[in-house]
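Protein chains: 2
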Amino acid sequence: MKSLGQNHIGYQVSGLGNHVFFGIDPKNNHPFETPFYQATAEEVDAALAKSKEAFEVYRLISIEKRVQFLKAISEKLKANKELLIQWFCAESGLPQDRAEVEFARSCFQFEYYAKAVETGYALEIKIDSADPDRKPNPKPSLTKLNIPVGPVVVFGASNFPFAYSTLGGDVASALAAGCPVIVKAHAMHPHTSSVSAQLILDVAKEQQLPDGILCHLLAEDFTVGQHLVQDPRVKAVGFTGSIGGGMALQKLINERKEPISLYAEMGSSNPIAVTKSALEKRASEIAKQISASVLLNAGQFCTSPGLLFIEETANFNNFKEELIQAFSQSELQCMLHPGISKRYFERVKEHAALVDVIYAGKHEGNFIQPTLAETNAAHFVNNPQIQEEIFGSYLTIVRCSDEAELRKCLDLLAGQLTTSLYAESEEDATRFLPVLTAKSGRIIFNGVPTGVEVSFAQQHGGPFPSSLNAYFTSVGWDAIKRFQRPVTFQNFSEDFSSKRVNFNENVSFLHFLNGKYQ
Amino acid sequence: MKSLGQNHIGYQVSGLGNHVFFGIDPKNNHPFETPFYQATAEEVDAALAKSKEAFEVYRLISIEKRVQFLKAISEKLKANKELLIQWFCAESGLPQDRAEVEFARSCFQFEYYAKAVETGYALEIKIDSADPDRKPNPKPSLTKLNIPVGPVVVFGASNFPFAYSTLGGDVASALAAGCPVIVKAHAMHPHTSSVSAQLILDVAKEQQLPDGILCHLLAEDFTVGQHLVQDPRVKAVGFTGSIGGGMALQKLINERKEPISLYAEMGSSNPIAVTKSALEKRASEIAKQISASVLLNAGQFCTSPGLLFIEETANFNNFKEELIQAFSQSELQCMLHPGISKRYFERVKEHAALVDVIYAGKHEGNFIQPTLAETNAAHFVNNPQIQEEIFGSYLTIVRCSDEAELRKCLDLLAGQLTTSLYAESEEDATRFLPVLTAKSGRIIFNGVPTGVEVSFAQQHGGPFPSSLNAYFTSVGWDAIKRFQRPVTFQNFSEDFSSKRVNFNENVSFLHFLNGKYQ
Chain A
1 MKSLGQNHIG YQVSGLGNHV FFGIDPKNNH PFETPFYQAT AEEVDAALAK SKEAFEVYRL
61 ISIEKRVQFL KAISEKLKAN KELLIQWFCA ESGLPQDRAE VEFARSCFQF EYYAKAVETG
121 YALEIKIDSA DPDRKPNPKP SLTKLNIPVG PVVVFGASNF PFAYSTLGGD VASALAAGCP
181 VIVKAHAMHP HTSSVSAQLI LDVAKEQQLP DGILCHLLAE DFTVGQHLVQ DPRVKAVGFT
241 GSIGGGMALQ KLINERKEPI SLYAEMGSSN PIAVTKSALE KRASEIAKQI SASVLLNAGQ
301 FCTSPGLLFI EETANFNNFK EELIQAFSQS ELQCMLHPGI SKRYFERVKE HAALVDVIYA
361 GKHEGNFIQP TLAETNAAHF VNNPQIQEEI FGSYLTIVRC SDEAELRKCL DLLAGQLTTS
421 LYAESEEDAT RFLPVLTAKS GRIIFNGVPT GVEVSFAQQH GGPFPSSLNA YFTSVGWDAI
481 KRFQRPVTFQ NFSEDFSSKR VNFNENVSFL HFLNGKYQ
Chain B
1001 MKSLGQNHIG YQVSGLGNHV FFGIDPKNNH PFETPFYQAT AEEVDAALAK SKEAFEVYRL
1061 ISIEKRVQFL KAISEKLKAN KELLIQWFCA ESGLPQDRAE VEFARSCFQF EYYAKAVETG
1121 YALEIKIDSA DPDRKPNPKP SLTKLNIPVG PVVVFGASNF PFAYSTLGGD VASALAAGCP
1181 VIVKAHAMHP HTSSVSAQLI LDVAKEQQLP DGILCHLLAE DFTVGQHLVQ DPRVKAVGFT
1241 GSIGGGMALQ KLINERKEPI SLYAEMGSSN PIAVTKSALE KRASEIAKQI SASVLLNAGQ
1301 FCTSPGLLFI EETANFNNFK EELIQAFSQS ELQCMLHPGI SKRYFERVKE HAALVDVIYA
1361 GKHEGNFIQP TLAETNAAHF VNNPQIQEEI FGSYLTIVRC SDEAELRKCL DLLAGQLTTS
1421 LYAESEEDAT RFLPVLTAKS GRIIFNGVPT GVEVSFAQQH GGPFPSSLNA YFTSVGWDAI
1481 KRFQRPVTFQ NFSEDFSSKR VNFNENVSFL HFLNGKYQ
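These protein sequences, in sequence, are chains A and B. What the first sequence shows, in the working numbering, is residues 1 to 518, in sequence order. What the second sequence shows, in the working numbering, is residues 1001 to 1518, in sequence order.
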């Protein structure tokens, strides 16, 4: 691909700067050979200008064309699967099976968000019919629907080179909303990201969509990101990463004259609580499920479980032994890049001062095995920093002597993306719901947090610090709403309003009539 | 009412401070006799503590009880209408007929938001059914619904002593969401606000709702507000007022460790555009509608029109003459308080340096007549600050020589709550929609912006600086969503999830089934 190494300023490729960087094979820390040109201030500005211009065109094209674009992206990806997966594996160190799953998810997301637009769901169309006879004043007609906010900046995430980067949910949902996107590529998978951008741009060009509907900028330091989020032409930002990274972006955004929304999905330890009855009856099954979840792809998921609260039972030692067995027998897995493994080792070391390490995972280069630690409830209560996320496979068991202690621990949790509860179906699990709903955006019953279903009723986003705006989700149809705002048309005929968004007959409406919406 | 002058810390009244202030009759600038005790830091802290405690109870009560509470508030207000309206008129200088309309609206809002909860609309329940046979992995069941965020702070607005203060839409929608509220009363209608608070608290006590479900704090300076919005127990803030006021609050909120949403509805000039054909055919009708809108209650509405863009026609001078007639023949109207009239006179003076005043409204004390100014498009383009809001009756006509000039002016507008378009039904009014949707949250066809329907499909909130978060509305059912966040329950049986929120049979669901939501 000729454009490799270059920035994409819409349909134009550009590498004007002197600052180059290289992708790295995390399995041996060797750099790949293609130099990637960090975008200059001039290139960033050119991308912003094109994005703004593209918005003026893209926001007015028909819903059908938007849907067609999203569906065609999925087709284009499928036709280039081999190339994409090759770079995905080479740059991330993730195995082929994971690449396949994430690839399928990315294709599905474009199709799925297309459907949210096509069915009218994303438009959230609401209609109040006029009542000219109402006293004392006639009631006007109101039609409310969502329109796109403007150019969106998306930061690629290192742990999902497809599904949270250039081919990811933020890009797909922003394009579905009708917004052009400027991607700040993650420096640790520049090949994957650049190839992805080129493919989307090829589709855009084939469909004669405006130049600037997608821009793709390369950078290994923070300057490009800072420039982007502080520019008045940018109207929303999507970010998936650490709490530190998200808060630094928010601080930059706070300096803007016009406030905009930063949709940041940040850190989460995804605590799992297990009741006494559940542990007594299903210790082995639970150990298997939890260890598989912790082990998965070296734990490099925002939903990887890091904390396990249990009520001690007679079979607790057996349960622990099963976890240790699973952890120690697991193969060493490569982490995403040297920066991630370095940070992992630092966090593991910090954490060792707070807890008892009962199985210290082996490691070699960027390859790791999971580590298992334990502590008791009293110690956890006095050292709440134990709950802070360690990105990578690492589980801390918090032993509680009874349910009261367990609840005390849960009460101390910071906001989480997820919480999980293992309980027997005959016990009243609802007793835990007040605390679990207060602490998280998704609650899993008798299951693990990894595996985020891309679905209608999904909520991926929880109370601070797991997210910056817990009303919104970064997965599922509602993700599109982050990049829209509603407009109400008053006194326009329904026919007139309909033409405005080129509704087709498949579009669903919510219609308020006779005191009910339907 | 014994509690008059005191703060309400839940069911307890308290006036520990030394700082007292007095309500003022704006018709003669005479203070009323009851001293109002500004809340001390200790009292603010006590309110926050009670609010947090109340949340833990209120968030878990049944939907039915929440609905019952809201409906009973409306009944209680109706039973105390006379007392409320007496203070409303005495403190605001607004006439009886306006008080009646605003009172009816406030009662309606409590009933209407109750209905949004009762029907399930506000819960936004979404269900994905499980598919245990899906390959490669079974699909889990997901049930998504909204839960309350926590204690909410609402700042009373001076221009709606009922409908945007203690009895207002922010309070009603936060209570409907399941959140306790701390009201920072507006210092210019402390009697109205205190009586309102006492009535809501009477209902809460009758219904054995938790102490702290409502707190009502008095203050005439910014210290109480600052304390409130920076406290970690507060999870959302509602504000209606000036751009300066909203931005100052946002700055304080930016200093918090945990970011929270400030739902600020700020300044708007609510521009009206009139096409050449419309002015040629309906000059007199349009002049009547616009002057009535500008004149209404001395223009003290967030939706009062301040800018009129017209294409000059042969009958333009007649049109202008009609406006001057209406303005000059109007009675002097009392502004809300001396601070408002002072600011109005300052703004009128500043503005006079930018435009040609063609009718200078008379004034006397806090009483004013509307002022009419004009300028041309070229001057407007070079001096875009002409568009900045003047709170109170004041209209600036911007003469455009053709449609191109008119569109150039519209392109320069900052974000607005509303824009209005007068056009003939036979001309293609859609040509203005791209710019009007880009600039505002509500577009009115052949009508004026005043009169905000409290309705299902309403959008009251537009691009910055008219609002701080244009996704949300402060009027209509969607206003409730500002004080909620969604939680998804995974693997819970539908029966189980249903019990959780005590659904009744009238609750509507969105159910995703066979690729369609229904």
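Glycine included, every Cβ here is placed at the ideal spot set by N, Cα and C.
> Out of curiosity, what's the CA-to-CA distance linking B:S1467 and B:I1272?
Replying inline: Going from the Cα of B:S1467 to the Cα of B:I1272 covers about 19 angstroms.
> Using the C-alpha atoms, what's the distance from A:H363 back to B:P1132?
Replying inline: 38 angstroms
>> Taking the beta carbon of A:K257 as the centre, do at least 16 other beta carbons fall within 10 Å, making it buried, or is it exposed?
In response: exposed
>> Here's a check: name, in chain order, each residue in its chain whose Cβ is nearer than 8 angstroms to the Cβ of A:I24, leaving out the five neighbours to either side.
In response: H30, P31, F32, E91, M188, H337, P338
>> Between A:I444 and chain B, is any beta-carbon pair separated by less than 7 angstroms?
In response: With 7 angstroms as the cut-off, A:I444 counts as an interface residue toward chain B.
> What in chain A is Cβ-close to B:E1064, meaning under 7 angstroms?
Replying inline: Neighbours of B:E1064 on chain A: none; closest Cβ ~17 angstroms, over 7 angstroms.
> What does A:P148 pair with, by DSSP beta-bridge criteria?
Replying inline: A:Q484
> Based on Cα-Cα distance, which residue from B:S1455, B:Y1164, B:T1430 lies nearest to B:F1301?
Replying inline: B:Y1164
> Does any CB atom of chain B fall closer than 7 angstroms to the CB of A:S498?
Replying inline: Confidence at A:S498 is low in this model, with a pLDDT of 49, below 50, so the placement of that residue should be treated as unreliable; the coordinate-derived value is given next. Closer than 7 angstroms: no.
> Any C-beta of chain A sitting closer than 7 angstroms to the C-beta of B:F1108?
Replying inline: no
> By the criterion of Cβ-Cβ separation under 7 angstroms, what are the contact partners of B:A1470 in chain A?
Replying inline: R485
>> If distances are taken between C-alpha atoms only, which option among A:K50, A:L123, A:L142, A:N366 comes closest to B:G1447?
In response: A:L142
> Any Cβ of chain B within less than 7 angstroms of the Cβ of A:I243?
Replying inline: By this cut-off, A:I243 is not an interface position.
> How big is the Cα-Cα spacing for B:L1372 and B:G1451?
Replying inline: 21 angstroms
> CB-CB under 7 angstroms to B:V1435, same chain, minus the five flanking residues each way: which ones, in chain order?
Replying inline: R1407, L1410, D1411
>> Starting from A:V237, trace the beta strand (DSSP E) in both directions and tell me its first and last residue.
In response: 236–240
> Does the Cβ-Cβ distance between B:I1243 and B:S1051 come in under 7 angstroms?
Replying inline: no
>> Just to check my reading of the structure: A:V475 and A:Q458 have Cβ atoms closer than 8 angstroms, yes? What is that Cβ distance to the nearest angstrom?
In response: Rounded, the Cβ-Cβ distance is 5 angstroms, consistent with contact.
> Where do the N-terminal and C-terminal ends of the alpha helix (DSSP H) with A:R343 fall, by residue?
Replying inline: 338–352
>> Contact defined as beta carbons within less than 8 angstroms: I believe B:V1523 pairs with B:T1396. What is the distance between those atoms, to the nearest angstrom?
In response: Nothing can be reported for residue 1523 of chain B: it is not among the residues displayed for chain B, which extend from 1001 to 1518.
> Would A:Y344 be called buried (16 or more neighbouring beta carbons within 10 Å of its own) or exposed?
Replying inline: buried
> Quick one: what does DSSP say B:N1007 is sitting in, helix, strand or coil?
Replying inline: strand
>> So with CB distances below 8 angstroms, who are the chain B contacts of A:A457?
In response: The contact set of A:A457 on chain B, defined by CB atoms closer than 8 angstroms, consists of K1126, I1127, D1128, L1142, T1143, K1144, T1488, F1512 in chain order.
> Applying the criterion that 16 or more other CB atoms from any shown protein chain within 10 Å of the CB defines a buried residue, is A:E64 buried or exposed?
Replying inline: exposed
> Name the chain A residues that come within less than 7 angstroms of B:N1491, Cβ to Cβ?
Replying inline: I444, F445, N446, G447
>> With a threshold of 7 angstroms between beta carbons, is A:N254 in contact with chain B?
In response: Among the CB atoms of chain B, one or more fall inside 7 angstroms of the CB of A:N254.
>> In whole angstroms, give me the CA-to-CA distance for A:G299 and A:P161.
In response: 15 angstroms
> Are any of the Cβ atoms in chain A nearer than 7 angstroms to that of B:F1055?
Replying inline: At a cut-off of 7 angstroms between beta carbons, B:F1055 makes no contact with chain A.
>> Across the region 53–67 of chain A and the region 202–215 of chain A, are there enough close Cβ pairs to call them in contact, namely three or more that are closer than 8 angstroms?
In response: Look at the beta carbons and you see the region 53–67 of chain A touching the region 202–215 of chain A: at least three pairs across the two are nearer than 8 angstroms.
> Looking at the unbroken alpha helix (DSSP H) that takes in A:L436, where does it start and where does it end?
Replying inline: Taken as a continuous stretch (DSSP letters only), the alpha helix (DSSP H) holding A:L436 covers 433–439.
> What are the uninterrupted segments assigned as alpha helix (DSSP H) that are 4 or more residues long and contained completely in the region 1165–1205 of chain B, given in chain order?
Replying inline: 1169–1177, all fully within the region 1165–1205 of chain B.
>> Only counting the same chain, and skipping five residues up and downstream in sequence, which positions put a Cβ closer than 6 angstroms to that of A:Q12?
In response: The answer is none, since no qualifying residue turns up.
> So which residues of chain B does A:F519 contact, with C-beta pairs closer than 9 angstroms?
Replying inline: Shown here, chain A extends from 1 to 518; a query on residue 519 of chain A therefore has no answer.
>> Three or more C-beta pairs under 8 angstroms: does that hold for the region 265–279 of chain A against the region 116–134 of chain A?
In response: no
> With distances taken between CB atoms, is the gap from A:D170 to A:V153 smaller than 7 angstroms?
Replying inline: no
>> If we require 3 or more residues per run, which beta strand (DSSP E) segments fall completely within the region 1101–1149 of chain B?
In response: 1126–1128, 1142–1148
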